[in-house]
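Numbering (this note's numbering), first residue to last: 236 to 681.
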């Protein structure tokens, strides 16, 4: 195995890396024209930026968030399970201005009267925007599809050319164009393929005939991701289950290699794709923040996850849906893995491991986050616990604070309206009739 760098002499990245036109580059790679971008953003005003863009069409006008009132619905707090009937939610300036009873919100309603859009949610339930902690979004169309399903915040499971870093910048400029994104950058994996073209600093890795495997090279790639704007790091212990030619129980990276990634991440959470008992255990002991998939997790590793506070993202739909595949190998895996994963979720939950909802959606093939919550409930979580997996628990994993995943004064202006009671039936989260992201209405079927 060839090692590009050693531990003591790995080259330092440039101190002042040039800011590239990330949005334009990602758009070009996806075949999107500048005119298409403008059309999809819909002429939203630009925001103040730390570095003002230059160009004849930039005017630097302040970002404006529309005022919005959602009234008449039952407002649910996922943290406590408490609900306010005939409640009112007031959004203004990209934040929650008020939430509660009609009396409690009367002043806030009066303050936006005449300029606020009003949505009547009578007979429905109002919730914070949901959070999907595992998606692969590479284009505007991907972001739109995620929003339509009710996820207003997401964690990337990696992208091909740092498109997720570009998507993360959009909410500050054009509300409602993209979910709030926690980007991961490139997948820390042995074979990068064309992703090596994402940045010139990746070119030296092309000389590695056996791929990116040495701990020093893994650390180098991790640092490049962080320099390019990744806020979390995605790596793997095993191959993919969704490719019939791969064996998801083989080991890709061992504990030593994964430890190198975690150390280089320097506090950024590491999410690790893992299936086999050995792979999951090595990842947990290496210090990853969350285990993705985790089908063959053992009782001993579950205990270690509980001790360390490691999160568990089972990606239920990604696993169970294989059972319906036309490919016999994938169908067999789906049928075998489903009951094992359901049992793993129950065991982890009972042991005190925090379960979070992630769909592993890719591109425009998006599973609504509500479907993942329903499947978690079918595996043993209560409806409230399933809701928490896609709100307050996911928010804590993403570092959104104690108020993340809730509708509280000063919180994010992200909300959804569902047609049935989510505290009685987790499938209610699949029945989304309105979505508000960053104060902008992106779906309205009320």
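The beta carbon of each residue, even a glycine, is placed where N, CA and C say it ideally should be. Predicted model only: the values in this text are computed from it and were never measured.
**Asked** If residue 335 sits next to residue 319, beta carbons under 8 Å apart, how far is it from one beta carbon to the other, in whole angstroms?
**Response** For the purposes of this step, residue 335 is identified with residue 100 of the chain shown, where counting begins at 1. For the purposes of this step, residue 319 is identified with residue 84 of the chain shown, where counting begins at 1. The Cβ separation is near 6 Å, so the contact holds.
**Asked** Are the beta-carbon atoms of residue 387 and residue 364 separated by less than 8 Å?
**Response** Position 152 of the chain shown, counting from 1, holds the residue named residue 387. Position 129 of the chain shown, counting from 1, holds the residue named residue 364. Yes.
**Message:** Closest to residue 398 by C-alpha separation, out of 409, 410 and 378, would be which residue?
**Reply:** Here the question's residue 398 lines up with position 163 in the chain shown. Residue 398 has its Cα closest to that of 378, out of 409, 410 and 378.
**Prompt:** Is residue 447 closer than 8 Å to residue 470 when the C-beta atoms are compared?
**Reply:** Locating residue 470 in the chain shown gives position 235, where the first residue counts as 1. Locating residue 447 in the chain shown gives position 212, where the first residue counts as 1. Taking the C-beta atoms as reference points, residue 447 is found no nearer than 8 Å to residue 470.
**Message:** Run through the DSSP bridge pairs and tell me what residue 651 is partnered with.
**Reply:** Taking the first residue of the chain shown as 1, we reach residue 651 at position 416. For residue 651, which the question treats as bridged, DSSP gives the partners 362 and 670.
**DSSP-derived helix/strand/coil call for residue 393** = If you number the chain shown from 1, residue 393 lands on position 158. Reduced to three states, the DSSP call for residue 393 is coil.
**Message:** Judging by CA-CA distance, which residue of 503, 483 and 478 is the nearest neighbour of residue 464?
**Reply:** As a working note, residue 464 is residue 229 in the chain shown. The candidate whose alpha carbon is nearest that of residue 464 is 503.
**Asked** When we look at the beta-carbon of residue 607 and count the other beta-carbons within 10 Å, is it buried (16 or more) or exposed?
**Response** The sequence position of residue 607 within the chain shown is 372, counting from 1. Buried: at least 16 other Cβ atoms inside 10 Å.
**Item:** For residue 335, the first and last residue of its enclosing beta strand (DSSP E)
**Value:** The residue you call residue 335 lines up with position 100 of the chain shown. Segment 330-335, the beta strand (DSSP E) holding residue 335.
**Where residue 628 sits in the DSSP three-state scheme** = Numbered from 1 along the chain shown, position 393 holds the residue referred to as residue 628. Three-state result, residue 628: helix.
**Item:** Alpha-carbon to alpha-carbon, residue 442 and residue 621
**Value:** On the chain shown, position 386 is the one that residue 621 refers to. On the chain shown, position 207 is the one that residue 442 refers to. The alpha-carbon atoms of residue 621 and residue 442 are separated by roughly 46 Å.
**Request:** Just tell me which of 450, 628, 445 and 425 has its CA closest to the CA of residue 474.
**Result:** Residue 474 sits at position 239 when you count from the first residue of the chain shown. The shortest C-alpha separation from residue 474 is found at 425.
**Message:** Quick check: what's the CA-CA separation for residue 300 versus residue 323?
**Reply:** Within the chain shown, the letter at position 65 stands for residue 300. Within the chain shown, the letter at position 88 stands for residue 323. Answer to the nearest angstrom: the Cα atoms are 19 Å apart.
**Asked** Can you list, in chain order, the stretches of the beta strand (DSSP E) that have 3 or more residues and sit fully within the stretch 363-429?
**Response** 365-371, 386-391 and 415-417
**Item:** Cβ-Cβ separation, residue 568 to residue 557 (assumed contact under 8 Å), whole Å
**Value:** The count along the chain shown starts at 1 and reaches residue 557 at position 322. The count along the chain shown starts at 1 and reaches residue 568 at position 333. Sure, about 5 Å apart at Cβ, within 8 Å.
**Message:** So, for residue 490: in the same chain, excluding its five sequence neighbours on each side, which residues have a beta-carbon less than 7 Å away from its beta-carbon?
**Reply:** As a position in the chain shown, residue 490 is number 255, starting the count at 1. The residues are 517, 520 and 521.
**Own chain partners of residue 434 with C-beta closer than 7 Å, once the 5 adjacent residues on each side are dropped** = Residue numbering aside, residue 434 sits at position 199 when the chain shown is read from its first letter. Sequence-distant partners of residue 434 (beyond 5 residues in either direction) whose C-beta falls short of 7 Å from its own C-beta, in its chain, are 459 and 463.
**Request:** Could you tell me the distance, in whole angstroms, from the CA atom of residue 510 to the CA atom of residue 613?
**Result:** Mapped onto the chain shown, residue 510 falls at position 275. Mapped onto the chain shown, residue 613 falls at position 378. Approximately 21 Å, taken between the alpha carbons.
**Message:** Here's the rule I'm using: 16 or more other beta-carbon atoms within 10 Å means buried, otherwise exposed. How should residue 348 be labelled?
**Reply:** Counting from 1 along the chain shown, the entry for residue 348 is found at position 113. Exposed, since its Cβ has fewer than 16 Cβ neighbours within 10 Å.
**Request:** Would you kindly report the start and end of the unbroken alpha helix (DSSP H) that includes residue 679?
**Result:** Position 444 of the chain shown, counted from the first residue, corresponds to residue 679. Residue 679 -> not in any alpha helix (DSSP H); beta strand (DSSP E) instead, spanning 675-679.
**Message:** In whole angstroms, give me the CA-to-CA distance for residue 374 and residue 380.
**Reply:** Within the chain shown, numbered from 1, the residue matching residue 374 stands at position 139. Within the chain shown, numbered from 1, the residue matching residue 380 stands at position 145. Each residue's Cα considered, the two are about 10 Å apart.
**Message:** Quick check on DSSP: helix, strand or coil for residue 664?
**Reply:** For the purposes of this step, residue 664 is taken as the residue at position 429 of the chain shown. Reduced to three states, the DSSP call for residue 664 is helix.
**Message:** Whole angstroms are fine: how far does the CA of residue 311 sit from the CA of residue 669?
**Reply:** In the chain shown, counting from the first residue as 1, residue 669 sits at position 434. In the chain shown, counting from the first residue as 1, residue 311 sits at position 76. Computed Cα separation, rounded: 15 Å.
**Prompt:** Would you say residue 532 and residue 515 are within 8 Å of each other, going by their C-beta atoms?
**Reply:** Here the question's residue 532 lines up with position 297 in the chain shown. Here the question's residue 515 lines up with position 280 in the chain shown. A contact, by the Cβ cut-off of 8 Å.
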